[in-house]
Amino acid sequence: MKATHWIPFAKRSPKTLLLTAALSAMLCLPALGQIVSFADPLLEAAIREVIEKPLGDLTPDDLAALTRLEAPDRAIADLSGIEHGTALTYLDVSGNAIIDLEPLSQLRLLRVLDLGANHVQDITALAGLTNLLVLNLVDNAIDDITPLAALANLQRLYLRGNAITDLTPLAELPNLDDVRVNSNS
0 MKATHWIPFA KRSPKTLLLT AALSAMLCLP ALGQIVSFAD PLLEAAIREV
50 IEKPLGDLTP DDLAALTRLE APDRAIADLS GIEHGTALTY LDVSGNAIID
100 LEPLSQLRLL RVLDLGANHV QDITALAGLT NLLVLNLVDN AIDDITPLAA
150 LANLQRLYLR GNAITDLTPL AELPNLDDVR VNSNS
């Protein structure tokens with residue numbers, strides 16, 4: 000049997016102790032890049048409510064189980080940070096002040112998305128959300144719906160109250176059962 004020799008902790012060099020402490024801290028604390036931040040505190044508050052974490056840093060693990068977020072009429076203006084909620088399948092942020100949809104482009108599992116009554120003009124970021132079944136874009140400032148042509152699974156689409164004049168991109172959507180486009184330019 001081979002003998003094991005232990006070096007008493009007190010006999011270690013200061014450099015070894017410092018290195019051990021630094022490595023321990025790195026293993027016990029989340030890396031700085033692992034903290035999810037939100038530009039809009041109102042969006043962060045809505046997410047904290049749902050995941051039941053009122054205080055402390057939010058990490059990707061905190062958002063990993065988030066599949067549904069209902070945050071209508073909360074004056075949310077910036078969706079930055081929501082891109083970490085990659086398990087989201089249902090998102091309702093209607094009645095807010097949202098303009099930029101780019102943070103949504105990574106939410107590939109979304110099936111229901113409600114962006115009604117915001118300030119959206121450009122919907123390019125939605126083109127890759129091919130699992131969408133229901134999309135509500137009523138009462139925005141959208142004039143080009145070309146990005147929607149890629150959403151082949153879309154079944155219900157609500158576009159009332161925009162500035163849309165060309166509906167030809169919708170001809171590419173074979174599963175579309177319910178479309179509402181009244182009150183457009």
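Residues in the sequence shown are numbered consecutively from 0, following numbering that gives the first Met the number 0.
All C-beta atoms, glycine included, are put in the ideal place defined by N, C-alpha and C.
None of the values given here were measured: they were computed from a predicted structure.
- Taking all protein chains shown into account, N135 has 16 or more neighbouring C-beta atoms within 10 Å of its C-beta and is therefore buried.
- Beyond the five residues adjoining it in sequence on each side, H118 comes within less than 8 Å, by CB distance, of A96, I97, I98, N139 and A140 in the same chain, given in chain order.
- L169 has its alpha-carbon roughly 15 Å from the corresponding atom of N181.
- Spanning the alpha carbons of P173 and D56 requires a straight line of approximately 44 Å.
- The three-state reading of DSSP puts D113 in strand, counting E and B together.
- If you look at R47, you'll find it in the alpha helix (DSSP H) that goes P40 to I50.
- In this chain, the alpha helix (DSSP H) harbouring D60 covers P59 to A63.
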